[in-house]
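Here the structure is laid out as structure tokens; the discussion comes afterwards.
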Amino acid sequence: MPSRPQDRKLVFVQADIVDKLMEISNREGRTLSSFISDVLADVVRIYSDGGSMKDAVRSYTIASMHRSAGIMLTPVNLLNSILARIDRERLEEVYMDAYESGYWYGRYISVKFEDPVDALRSLLTSMLLSPVDVSIEGGGDHILFRFIASNLSSEATRLLLSIFEGVMSALGYETDRAEYTRGIVIAKFKKVGS
Amino acid sequence: MPDRKMLAARVDLADRLKALADGRGVTVYSMLNDILESILEIEEGGLSVRRLLDEYRSIDYGRRSGFTPIPENLLYELIDLCFESGFSDRLRKSWFETGLWISKYLSAASSIDEPISVLSRLMWNISEFKFEKRDGEAILLCFSSRFTLNYSLLLESLLRGILVGLGFDKLDSEVDKGFIRIRIEVKG
Chain A
0 MPSRPQDRKL
10 VFVQADIVDK
20 LMEISNREGR
30 TLSSFISDVL
40 ADVVRIYSDG
50 GSMKDAVRSY
60 TIASMHRSAG
70 IMLTPVNLLN
80 SILARIDRER
90 LEEVYMDAYE
100 SGYWYGRYIS
110 VKFEDPVDAL
120 RSLLTSMLLS
130 PVDVSIEGGG
140 DHILFRFIAS
150 NLSSEATRLL
160 LSIFEGVMSA
170 LGYETDRAEY
180 TRGIVIAKFK
190 KVGS
Chain B
0 MPDRKMLAAR
10 VDLADRLKAL
20 ADGRGVTVYS
30 MLNDILESIL
40 EIEEGGLSVR
50 RLLDEYRSID
60 YGRRSGFTPI
70 PENLLYELID
80 LCFESGFSDR
90 LRKSWFETGL
100 WISKYLSAAS
110 SIDEPISVLS
120 RLMWNISEFK
130 FEKRDGEAIL
140 LCFSSRFTLN
150 YSLLLESLLR
160 GILVGLGFDK
170 LDSEVDKGFI
180 RIRIEVKG
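In order, the protein sequence lines correspond to chains A and B.
Residue 9 in numbering that gives the first Met the number 0 sits at position 10 of the first sequence, and the numbers go up by one each step.
Residue 45 in numbering that gives the first Met the number 0 sits at position 46 of the second sequence, and the numbers go up by one each step.
Below you can see the structure in the form of structure tokens.
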């Protein structure tokens with residue numbers, strides 16, 4: 000039987016941590032117990048799902064970055080259905096625009112991070128939909144990008160490849176070889192001039 | 000050994016903490032200290048841990064339910080192309096149906112405020128997202144100067160689908176470029 004909300008157990012905590020948390024809860028005009036119970040319920044859920052507070056901080060930071068970079072979130076099936084209704088000739092223009100959007104995003108992360116390729120790796124793995132398998136291997140002169148997402152249509156996969164080619168171009172890489180089929184992208188990039 | 004103090008924790012939380020600590024082979028004391036230290040670091044870094052956790056939960060929901068990141072201007076352009084090709088009605092239908100589907104997950108929440116909060120955090124392209132309840136009805140308002148008219152129409156369909164899926168009767172709705180207002184009946 001679940002415990003009643005008012006049931007409490009006493010747990011030991013480092014005294015200095017309790018004192019600092021007390022300051023925060025006082026500032027918010029709440030009791031320490033209510034503050035801790037409120038956040039602890041969510042934190043325990045994150046840990047139970049295999050996550051950690053570090054994951055939560057990283058997710059928050061990346062979402063904030065995407066927000067300021069003009070990236071939004073949309074259900075992938077809606078993206079698939081939109082692309083399926085655009086005729087082939089117009090799609091080529093769309094892919095070029097996607098490349099331009101990717102290029103802008105690449106410039107954005109190259110300004111924001113000292114190691115933009117590493118940042119890109121982290122941004123992609125943290126934010127992309129599931130089920131997805133993404134990897135960016137290498138660095139320096141050659142980079143191999145692999146991406147598998149079973150719920151992307153062929154057009155959405157191509158769109159993603161165009162965006163990624165734009166990003167890589169902004170980071171000083173050109174496409175050496177790129178292949179895609181529905182839900183799968185394998186692309187190799189080399190540093191311009193290498 | 001550092002000084003210790005006792006905290007009164009909710010029994011269910013204390014039990015779940017113990018299970019987690021056992022699973023990781025650490026003590027409850029050490030696990031709880033680690034968690035609370037992280038919370039302190041976040042708050043001392045100028046962030047609100049409450050806000051951070053709410054955002055994490057929303058993004059996690061988005062990831063699991065198939066939301067994908069896309070440049071905002073690119074999506075609006077794609078939608079305009081579809082509307083130009085005469086697919087507006089079909090798209091509005093599919094956005095409404097996706098709204099119904101999304102509502103199935105959100106309906107596990109204890110009150111309407113929770114799914115609305117998840118949505119407002121997930122759909123951050125909406126500059127202002129308001130949900131006001133009064134006198135047996137509620138009004139959902141969305142604003143963004145960046146929305147195209149066509150995107151506004153589709154978003155209204157999606158939101159309407161979510162609200163209908165959550166069991167609310169739509170009374171009326173109004174859409175304009177960058178503006179959506181949906182009025183629903185709230186029973187009980």
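Even glycine gets a Cβ: it sits at the ideal position worked out from N, Cα and C.
Everything numeric in this text was worked out from a predicted model, so none of it was measured.
For the pair B:Ile38 and A:Val42, the Cα-to-Cα distance works out to about 9 Å. For B:Met5, the uninterrupted beta strand (DSSP E) run begins and ends at 3–9, by DSSP. Cβ-Cβ distances below 6 Å link B:Gly164 to Leu99, Ser102 in the same chain, with the five nearest sequence neighbours on each side left out; the list follows chain order. Secondary structure note for A:Val56: its alpha helix (DSSP H) is the uninterrupted segment 52–67.
With fewer than 16 other CB atoms across the displayed protein chains lying within 10 angstroms of its CB, A:Met95 is exposed. In the assembly as shown, A:Glu164 is a buried residue. Its beta-carbon has 16 or more other beta-carbons within 10 Å. The residues Pro114, Gly164, Leu165, Gly166, in chain order, have a CB closer than 8 Å to that of B:Ser106 in the same chain once the five nearest residues on each side in sequence are set aside. Here A:Ala14 is exposed, its C-beta having fewer than 16 other C-beta atoms within 10 Å.
Using a CB distance cut-off of 8 Å, B:Ala137 does not count as an interface residue toward chain A. In this chain, the beta strand (DSSP E) harbouring A:Phe146 covers 141–147. Take B:Leu140, set aside five residues on each side of it, and the residues of its chain with a beta-carbon closer than 6 Å to its own are Lys129, Arg180, in chain order. Taking the Cα positions, B:Asn72 is about 9 Å away from B:Phe146. When only Cα atoms are considered, A:Ser24 and A:Ser121 end up about 33 Å apart.
When rounded, the separation of the alpha-carbon atoms in A:Asn79 and B:Arg159 is 21 Å. Around the beta-carbon of B:Pro70, 16 or more other beta-carbon atoms lie within 10 Å, marking it buried. For B:Asn124, at least one C-beta of chain A is nearer than 8 Å to its own C-beta. Within chain A, the residues placing a beta-carbon under 7 Å from that of B:Arg56 are Asp41, ordered along the chain. Shown here, A:Ser32 sits in a helix according to DSSP, grouped into three states. Within 10 angstroms of the beta-carbon of B:Pro1 lie fewer than 16 other beta-carbons, which makes it exposed.
Listed by position along chain A, the residues whose Cβ is nearer than 8 Å to that of B:Asn32 are Val12, Gln13, Ile16. The beta carbon of B:Ile38 sits closer than 8 Å to some beta carbon of chain A. The beta carbon of B:Asp2 falls within 8 Å of a beta carbon belonging to chain A, placing the residue at that interface. Taking a beta-carbon distance threshold of 8 Å, B:Ile161 does not count as an interface residue toward chain A. Using a Cβ-Cβ cut-off of 8 Å, B:Phe167 is close to nothing in chain A; its nearest Cβ partner there is about 20 Å away. B:Leu105 is outside the set of residues whose beta carbon lies under 8 Å from a beta carbon in chain A.
DSSP places B:Phe146 outside any beta strand (DSSP E), giving it a letter other than H or E. Between A:Val110 and A:Leu170 the beta-carbon gap is near 11 Å, outside 8 Å, which marks them as no contact.
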